[in-house]
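Numbering (the numbering used here), first residue to last: 1 to 204. Just so it is clear, CB atoms sit at the ideal spot from N, CA and C, and this is done for glycine as well. Quick notes on the structure that follows.
Rendered as structure tokens:
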């Protein structure tokens with residue numbers, strides 16, 4: 001008599017504790033790997049300069065390096081200007097002009113008005129130094145002084161400034177204030193302290 005062959009299929013039982021353990025390990029590895037990648041990126045970026053502009057999307061129009069150079073060239077050719085420097089930092093266009101020491105207060109004030117006029121001839125006030133559609137543009141500072149010694153009795157120092165909320169340029173004689181120490185501190189801050197950006201470049 002022939003033997004019957006059993007066709008029963010063996011059933012594989014699922015070991016649930018093992019499955020749960022594997023899933024738990026995977027879930028733990030995901031954030032661990034993500035954090036590890038972030039730390040790796042941070043480590044690789046150590047010592048690298050970060051480039052950015054906190055004023056991005058705030059301005060409708062941008063002042064270019066060519067315009068800054070054009071302003072400096074114009075002012076350098078004005079009679080009575082001994083030395084001029086124009087720079088654009090932190091959304092402020094600043095003009096520093098050393099003028100003829102023999103100029104009177106009235107002459108320096110007239111010269112400041114000319115400097116402002118030459119700036120606006122290159123970068124229009126309404127376009128670059130006013131608020132447009134809620135976006136603030138640049139600030140303007142024009143500094144004119146007749147010598148490098150704020151303690152000198154003949155020292156004359158004018159500042160003209162304009163920002164987005166001002167309707168027009170304000171010109172002030174700051175060398176004759178009630179607080180003389182303020183003028184000295186202001187002058188030292190602007191001209192006698194090292195440039196932070198230059199120091200950073202030298203450190204690099």
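Residue i, DSSP secondary structure in three states
i	result
residue 153	coil
residue 145	strand
residue 59	coil
residue 47	Reliability fails at residue 47, whose pLDDT of 46 lies under 50, so the model's placement of it is uncertain and the value that follows must be treated cautiously. Residue state, collapsed to three classes: coil.
residue 54	Unreliable positioning characterises residue 54 in this predicted model, as indicated by a pLDDT of 44, which lies under 50. A coordinate reading is not provided.
residue 164	coil
residue 102	coil
residue 197	The predicted position of residue 197 is uncertain, since its pLDDT is 47 and thus under 50; no value can be drawn from it.
Where the beta strand (DSSP E) containing residue i begins and where it ends
i	result
residue 85	81–89
residue 172	170–173
Where the alpha helix (DSSP H) through residue i begins and ends
i	result
residue 73	65–76
residue 99	Unbroken run through residue 99 is the beta strand (DSSP E), 92–99; no alpha helix (DSSP H).
residue 120	105–122
Of the residues the options, the one placed nearest residue i, counting alpha carbons only
i	options	result
residue 163	136, 16, 173 and 81	136
residue 143	123, 132 and 110	110
residue 104	35, 33 and 155	155
residue 129	32, 70 and 167	167
residue 159	126, 132 and 114	114
residue 176	152, 161 and 165	152
residue 150	140, 173 and 17	173
residue 148	99, 35 and 69	99
residue 140	20, 120, 127 and 161	161
residue 123	64, 90 and 134	64
residue 134	188, 18, 59 and 35	59
residue 108	94, 86 and 78	78
residue 90	62, 116, 146 and 32	62
residue 121	146, 87 and 75	75
residue 67	118, 22, 132 and 32	118
residue 116	86, 25 and 132	86
Residue i and residue j closer than 8 Å at C-beta
i	j	result
residue 84	residue 101	no
residue 291	residue 157	Residue 291 lies beyond the residue range present for the chain, which begins at 1 and ends at 204; the question has no answer from this structure.
residue 106	residue 81	no
residue 171	residue 112	yes
residue 131	residue 165	yes
Paired residues, beta bridge with residue i - DSSP
i	result
residue 158	144 and 173
residue 135	132
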